[in-house]
Amino acid sequence: MNGKLNPAETTAAPKTEWQEISVENGPATLTFEDIYREFGGKILNLAYRMTGTEETARDLTQEVFIKVYENMEAFRGESQVYTWIYRIAANHILNHLKSAQRRRWLSLMDKPLGEVLKEEEIEPGFRERASTPGPDRHLEKSERERIVWSAVQSLPPKYRIPFVLHRYEEMSYREIAEVTELSLSAVEARIHRAKKMVIKQLEPFWEEL
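Numbered per my numbering, the sequence shown spans residues 11 to 219.
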């Protein structure tokens, strides 16, 4: 598992009248359909890497591109098109994750304390540990990928987004700073912290990995 969906399976862009948007480096224009065709699969994969759920990723992708469509007239070419789109996507996905986290905590408030403590004693998103093979067995590639992917999914959202953008979307720190509207030093600090958390999660599996 590499946290990637097939872009060819991305839901088709909604039918719209052709809208034009200026590109920063020249007189060329992009229609909404052009933008969706170019970035639909990329945003789908980002959403999947952030949520770990295909259905949620597809819903979020549709919602992101509705926001893109609604804000096309506000785009002034002050940034590159792709960083503008990724900024919209990152903000929307983070808001979704924060809302999901709040709903989870509210649901925990209705449970007995003993049940809550039992659920929380294992790191969120990393519950598969109990079913992983022992150190005397060499892990298959797919199993190694699953373990690493679980570690990434266990990152808090504010660390997960810069880590995923850097590790999987191959963005530079400066590009991530533009997308997340964080300072360069904050991006560096969050990615560094994310790497340390992932490494800590993987420590029990070093011999197998």
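Beta carbons are placed, not taken as given, at the ideal position from N, Cα and C, and that holds for glycine. Predicted, not measured: the structure shown is a model, and the values here were computed from it.
Item                                                                                                          : Value
Extent of the continuous alpha helix (DSSP H) run through residue 199                                         : 194 to 212
contact_flag[the region 202 to 210, the region 81 to 96] where n(CB pairs < 8 Å) is 3 or more                 : no
Among 152, 195, 178, 156, the one whose alpha carbon lies nearest that of residue 55                          : 178
Under the three-state DSSP convention, the category residue 165 falls into                                    : coil
Whether residue 183 touches residue 165 by CB criterion (8 Å)                                                 : no
DSSP state of residue 50 mapped onto helix, strand, coil                                                      : helix
Extent of the continuous alpha helix (DSSP H) to which residue 66 belongs                                     : 64 to 81
Cβ-based neighbour list, residue 48, same chain, cut-off 6 Å, excluding 5 preceding and 5 following           : none
Classification of residue 50 by the beta-carbon crowding that lies within 10 angstroms, buried from 16 upward : buried
Sequence-distant residues of its chain with Cβ nearer than 8 Å to residue 191 (five each side left out)       : 97
Pairwise C-alpha distance: residue 168 and residue 79                                                         : 26 Å
Exposed unless 16 or more other CB atoms sit within 10 angstroms - verdict on residue 202                     : exposed
Where residue 188 falls, given that 16 or more other Cβ within 10 Å makes a residue buried                    : buried
As assigned by DSSP and simplified to three states, the class of residue 215                                  : helix
Cβ separation of residue 161 and residue 211, assumed to be a contact under 8 Å, to the nearest whole Å       : 4 Å
Nearest to residue 106 (by Cα), restricted to the options 158, 215, 68                                        : 68
Proximal residues to residue 102 (C-beta, below 8 Å), its chain only, five neighbours per side dropped        : 70, 73, 74, 77
Cutoff 8 Å: residue 98 Cβ touching any chain D Cβ                                                             : The question asks about chain D, but that chain is absent: this structure has only one protein chain.
Per-residue burial, residue 214 [other beta carbons within 10 Å of its own, 16 or more giving buried]         : exposed
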